[in-house]
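The structure appears right after this line, and notes come after that.
Residue numbers (the numbering used here), protein chains in the order written: chain P, -12 to 120; chain Y, 72 to 738.
Laid out in structure tokens, this is it:
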């Protein structure tokens, strides 16, 4: 994939409380040409989601303040942000994490550590769906 | 009834003697009175006829008066006294007979031999016949004859009233007397015979009355016996008490000296004394246990026929002859106790009188009753025993039930605890895997990021190193996943992902990961793959993890040594298999350690973890995976001599019987 191509005007918000994970993921996505907005907890995710209006959100579940489920629920219940696709990332490998994430309004789910190429495919799929819509 | 006839005869004689004695006494007293009366009358008569004897004008008391007083007194008073004081004796009768005849002689003399007064003689004889003892007539007759003979000869006027009399006149008088005697003797004999008849009749009557009374008493006794035995048999008491009451009833109502009841101990063929009433009442004497066939009781038990021994037989059978005499025992009866012709025991009684037919009938009935009673008691005892057994069984069952329910409760608690523990472990594993995944996430992302950046800059050497970081990170990720797998195995939720792969290629991949683990302690790795080892069909990830864990383990416990990985074909239980062996030259283990090394969350020693690192899960996973894949793992080791782990896996996973997988799950 060409990093300078499709992602030029696309903004992705990475919600992650672990500095290293957040930094590494953000830098890898940036190398693919995406604009990156960073949020370190649930409150910031909700407020930045409203103000920065990212095209897609990567939401960690285990967050300080309000957790990823609650942040996802709030973003999806706000008309201003409800259209933004959210991919929930969880370090929990339990299957009910996936169900709970999707029930809270997440559009897709992936586990950490991320398989980066697989994650990119999910991101592109959601973005193209949004463009089509 | 010879006995009772003899008794009646004796009684008749007794009665006769009584009558006779009574008659003699009465007659004695009669004559005592008569003699006294005659004396007084003689004196009065003498005073009336000729009170005075005149010799001219001089008178004096007539000699006859003195004779009447003195002679009459001499003759009368002594016999009269005998008649009153010693009545009934033959001597008294003889004395009276003589005196009475002498009184007659005196009367004749005092009347001057008046022939009319001779009638006194005949009257006296008749009176003497009152005795109904002809013998008294003999001295009386002799006195009369002698009197007439002597006085007729020496003083005829005194007896015949004449001065001269024939020398043989006394004979005539004597003949008249004898003539009367004949009839009087006949009368006496007749009277005695009648008296004897009366005595006989009275005795017979008495006997009959006695017999009837006896029969009535018998009937009463038997009724009492029957009722007492019946009561004893129906009361709800112990067997011995019941039999003791029966024995006591027999002694009491059958005029018994001793009554005993034995019961048969069937297996021992032994009669056991259960009850004894009467004068010998000990139960533990020499007859407490009598073998069947021995002694009288044993004989009765063997013959099963009642025994009756009466008084006229000498009684060597009676156990104690002296006792029998002392107690007046005259009869013995023994009855076998039978129920439906089955011998139950023996009943015996020694009695002080003979057993009448009705008593024998009653005793036979008592024997029947006692036999049935014993049988009933035994049946009751058996029933009671059964009931008790049943109750005990019930109780045991109840206790078992309680224990079982307690066990079930305990099991539930244990199960809940186990479930809670499993939940806690699952929670722990989930949270651990989360905590591990977060830094791992950064490691993998950064190593990939750095690889991309190095590639941009053309730094090829760095890329190789970064790939090792990435690969190790990924393997670590796999490990984490496998920890979750272990918990899945334990929860029975593990499945196999079977692939076909080349063993050499699997080794190459494996060694990329394992090499750093082996080399860190300056160990050398040898890999020996048998020629034509080819491919196998198995779960690649698990096979690789098994070997990685073994190599990692070997690397941990070996320093400056050699670690060898081998693979070859083999056959286990007729099944084509692949044998992997990991041999090291490390610290080795004791036998005790090798026995627990494959258990989860254990290392050979708690200090091991601190010294060598690791989670203690590696070998446990090896064992679980081997089981799951239908294979085996074993270890040979000695302290200081290294260790050799051998893993055997089926060449074709589809050959694995289903049970192995199931068994692995359960394990």
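Ideal Cβ positions, reconstructed from N, Cα and C, are used throughout, including at glycine.
List the residues of chain Y whose Cβ lies closer than 8 Å to the Cβ of residue 103 (chain P), in chain order.
Within chain Y, the C-beta atoms nearer than 8 Å to that of residue 103 (chain P) come from 516 and 519, in chain order.
Note down, in chain order, each residue of its chain lying with its Cβ closer than 6 Å to the Cβ of residue 316 (chain Y), except the 5 sequence neighbours on either side.
Same-chain partners within the cutoff: 303.
Can you list, in chain order, the residues of the region 0 to 28 of chain P whose Cβ is nearer than 7 Å to any Cβ on chain Y?
Answer set for the region 0 to 28 of chain P: 5, 7, 8, 11, 12, 14, 15 and 18.
So which residues of chain Y does residue 99 (chain P) contact, with C-beta pairs closer than 9 Å?
Within chain Y, the residues near residue 99 (chain P) are 505, 508, 509, 511 and 512.
List the whole-angstrom C-beta distance separating residue 395 (chain Y) from residue 419 (chain Y), where the pair is believed to meet the contact cut-off of C-beta under 8 Å.
Contact between residue 395 (chain Y) and residue 419 (chain Y) is absent: CB atoms are separated by about 13 Å, not below the 8 Å threshold.
Contacts that residue 548 (chain Y) makes with chain P (C-beta to C-beta distance below 8 Å):
Those are 100, listed as they occur along chain P.
Please decide whether residue 58 (chain P) counts as near chain Y, where near means a Cβ-Cβ distance under 8 Å.
Among the CB atoms of chain Y, none fall inside 8 Å of the CB of residue 58 (chain P).
On the DSSP bridge assignment, give the partners of residue 418 (chain Y) in chain order.
BP columns for residue 418 (chain Y) point to Y:332 and Y:406.
For residue 658 (chain Y), which residues from the same chain have a beta carbon less than 6 Å from its beta carbon, with the 5 sequence-adjacent residues on both sides left out?
Here the set comprises 628.
Euclidean distance between Cα positions of residue 163 (chain Y) and residue 119 (chain Y):
Their backbone Cα atoms lie some 32 Å apart in a straight line.
Please go through the region 16 to 79 of chain P and give each complete alpha helix (DSSP H) segment of 4 or more residues, from N-terminal end onward.
Runs found: 29 to 39 and 55 to 64.
Rounded straight-line distance, which links the Cα of residue 443 (chain Y) to that of residue 415 (chain Y)
Annotation: residue 415 (chain Y) to residue 443 (chain Y) spans about 9 Å, alpha carbon to alpha carbon.
Residue 359 (chain Y) versus residue 450 (chain Y): straight-line alpha-carbon distance, rounded:
Their backbone Cα atoms lie some 23 Å apart in a straight line.
Mind reading off the beta-carbon distance from residue 423 (chain Y) to residue 328 (chain Y)? Whole number of angstroms is fine, and I expect it under 8 Å.
Correct: roughly 6 Å between the Cβ atoms.
What separation, rounded to the nearest whole angstrom, lies between the Cα atoms of residue 3 (chain P) and residue 506 (chain Y)?
If you take the alpha carbons of residue 3 (chain P) and residue 506 (chain Y), they lie about 14 Å apart.
If you check the beta carbons only, do residue 293 (chain Y) and residue 256 (chain Y) fall under 8 Å apart?
For residue 293 (chain Y) and residue 256 (chain Y), no; Cβs fall outside 8 Å.
For residue 652 (chain Y), which beta-bridge partners are listed by DSSP?
Note: residue 652 (chain Y) sits in a beta bridge opposite Y:637 and Y:717.
Using a threshold of 7 Å, is the CB atom of residue 1 (chain P) nearer than that to any non-hydrogen atom of the ligand COA?
Looking for the ligand COA in the displayed structure turns up nothing, as the structure carries no ligands at all.
Quick one: which chain P residues come within Cβ less than 8 Å of residue 523 (chain Y)?
15 and 18, listed in chain order.
Three CB pairs or more closer than 8 Å across the region 575 to 594 of chain Y and the region 606 to 625 of chain Y:
As far as the Cβ criterion goes, the region 575 to 594 of chain Y touches the region 606 to 625 of chain Y, which means the pair count is three or higher.
Classify residue 472 (chain Y): buried if its beta carbon has 16 or more other beta carbons within 10 angstroms, exposed otherwise.
When all chains shown are included, residue 472 (chain Y) counts as exposed.
Are the CB atoms of residue 699 (chain Y) and residue 567 (chain Y) within a distance shorter than 8 Å?
Taking 8 Å as the Cβ cut-off, residue 567 (chain Y) and residue 699 (chain Y) qualify as a contacting pair.
Quick check: the region 148 to 156 of chain Y against the region 182 to 197 of chain Y, are at least 3 beta-carbon pairs closer than 8 Å?
No, the region 182 to 197 of chain Y is not in contact with the region 148 to 156 of chain Y.
Determine, using beta carbons only, whether residue 41 (chain P) and residue 27 (chain P) come nearer to each other than 8 Å.
The Cβ atoms of residue 41 (chain P) and residue 27 (chain P) do not sit closer than 8 Å to each other.
Leaving out the 5 sequence neighbours to the left and right, which residues in its chain are closer than 6 Å to residue 599 (chain Y) when beta-carbon positions are compared?
Hits under 6 Å: 637.
Give the range of the alpha helix (DSSP H) segment to which residue 174 (chain Y) is assigned.
Residues 161 to 181.
Going by DSSP, which residues form a beta bridge with residue 645 (chain Y)?
For residue 645 (chain Y), DSSP assigns no beta-bridge partner whatsoever.
Taking only beta-carbon positions, decide if residue 91 (chain P) is within less than 8 Å of chain Y.
In terms of beta-carbon proximity, residue 91 (chain P) stays away from the interface with chain Y, with every pair separated by 8 Å or more.
Does chain A have any CB closer than 8 Å to the CB of residue 78 (chain P)?
The structure shown contains no chain A; the protein chains it does contain are P and Y.
Keeping to the same chain, check which residues put their C-beta closer than 6 Å to that of residue 719 (chain Y); ignore five residues upstream and five downstream.
Answer for residue 719 (chain Y): 643, 648, 650, 702 and 703, listed in chain order.
Work out the CA separation of residue 320 (chain Y) and residue 299 (chain Y) for me, nearest whole Å.
About 6 Å.
Residue 641 (chain Y) classed as buried or exposed, judged by whether at least 16 other C-beta atoms fall within 10 angstroms
Under this definition residue 641 (chain Y) is an exposed residue.
Take residue 249 (chain Y) and list the residues in its own chain whose beta-carbon comes closer than 7 Å to its own, dropping the five residues that flank it on each side.
For residue 249 (chain Y), where only same-chain residues beyond five positions count, the Cβ hits under 7 Å are 212.
Check the DSSP bridge columns for residue 349 (chain Y) and list the partner residues they point to.
Paired residues: Y:329.
Going by CA-CA distance only, name the one from P:64, P:67 and P:59 that's closest to residue 73 (chain P).
Answer by Cα proximity: P:59.
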